[in-house]
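Per UniProt numbering, residue 1 is the first one in the sequence shown, and the count goes up by one each step. Each residue gets a CB set at the ideal place from its N, CA and C atoms; glycine is no exception. First the structure, in the form of structure tokens, and then the observations on it.
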Amino acid sequence: MKYILTIFIISSCTFFSKAQTLKIEKGASTMEVQGTSSLHDWKSTVEEFTVEAILKEDQINNIQFSAIVKSIKSGKSGMDGNTYKALKEDKYPEIKFVSSQLNILKDRLIGTGQLTIAGKSKDIPINLIIKQNTTTTVNGNVKIKMTDYDITPPTAVFGTIKTGDEITIQFNFTLIKS
Numbered sequence: 001m002k003y004i005l006t007i008f009i010i011s012s013c014t015f016f017s018k019a020q021t022l023k024i025e026k027g028a029s030t031m032e033v034q035g036t037s038s039l040h041d042w043k044s045t046v047e048e049f050t051v052e053a054i055l056k057e058d059q060i061n062n063i064q065f066s067a068i069v070k071s072i073k074s075g076k077s078g079m080d081g082n083t084y085k086a087l088k089e090d091k092y093p094e095i096k097f098v099s100s101q102l103n104i105l106k107d108r109l110i111g112t113g114q115l116t117i118a119g120k121s122k123d124i125p126i127n128l129i130i131k132q133n134t135t136t137t138v139n140g141n142v143k144i145k146m147t148d149y150d151i152t153p154p155t156a157v158f159g160t161i162k163t164g165d166e167i168t169i170q171f172n173f174t175l176i177k178s
């Protein structure tokens, strides 16, 4: 009897300590890139992206993200073309983020990770809002400079319209157990 009880306890511990994968709920998640130019502020919607988080003991301990560059849409084909060219889409069709260190403090997910854009990777800090119920919601924004990723900010109309160097990536991810 003692032997059976020991096996049951060990099995239960193994079951409850296993990591679970959370994946994005497509219709409930959004991502947007915002910036400025010498003419007006602009924004583009990222239409194709994936997010995967590893949940262990009810804590996110890893998060990964990937976006298809050609899915970044502003509603203006000329601007989209300039975006794809600036991001070197023909050579680097994806933007990626992989967390390297995460801590949950109350309703915050704080840490660092590696963001790769146009073939260049940089470690960036993250400070996101997280809510866990039947789903997990992660939202926040990350500000970066294009030149930090060897991206020349796009111009238009023979250089008379210039894009600002700093952009904001704004997102709201709803994650569900897969």
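Check	Outcome
Given 8 Å, three or more beta-carbon pairs between the region 81-91 and the region 49-67	no
Per-residue DSSP class, three states only, for residue 28	helix
Option in 135, 117 and 26 with minimal Cα separation from residue 152	117
C-beta neighbour in chain D for residue 46, strict 8 Å	Protein chains in the displayed structure number just one, and chain D is not present.
Reference residue 23; option with closest CA among 147, 139, 135 and 69	135
One or two residues paired with residue 125 in a DSSP bridge	112
Those residues which DSSP pairs with residue 174 across a bridge	137
Three-state class that DSSP yields for residue 73 in the structure shown	strand
contact_flag[the region 28-45, the region 68-77] where n(CB pairs < 8 Å) is 3 or more	yes
Residue burial classification, residue 158 (beta-carbon count within 10 angstroms, cutoff 16)	exposed
Close Cβ partners of residue 167 (< 7 Å) along its chain, the five nearest in sequence each way excluded	33, 34, 35, 144 and 146
Of the listed residues 91, 139 and 115, nearest to residue 109 (C-alpha basis)	139
Selection from 106, 96 and 130 that minimises the alpha carbon distance to residue 123	96
Per-residue DSSP class, three states only, for residue 85	helix
Residues bridged to residue 65 (per DSSP)	51 and 97
Bridge partners - residue 37, DSSP secondary structure assignment	163
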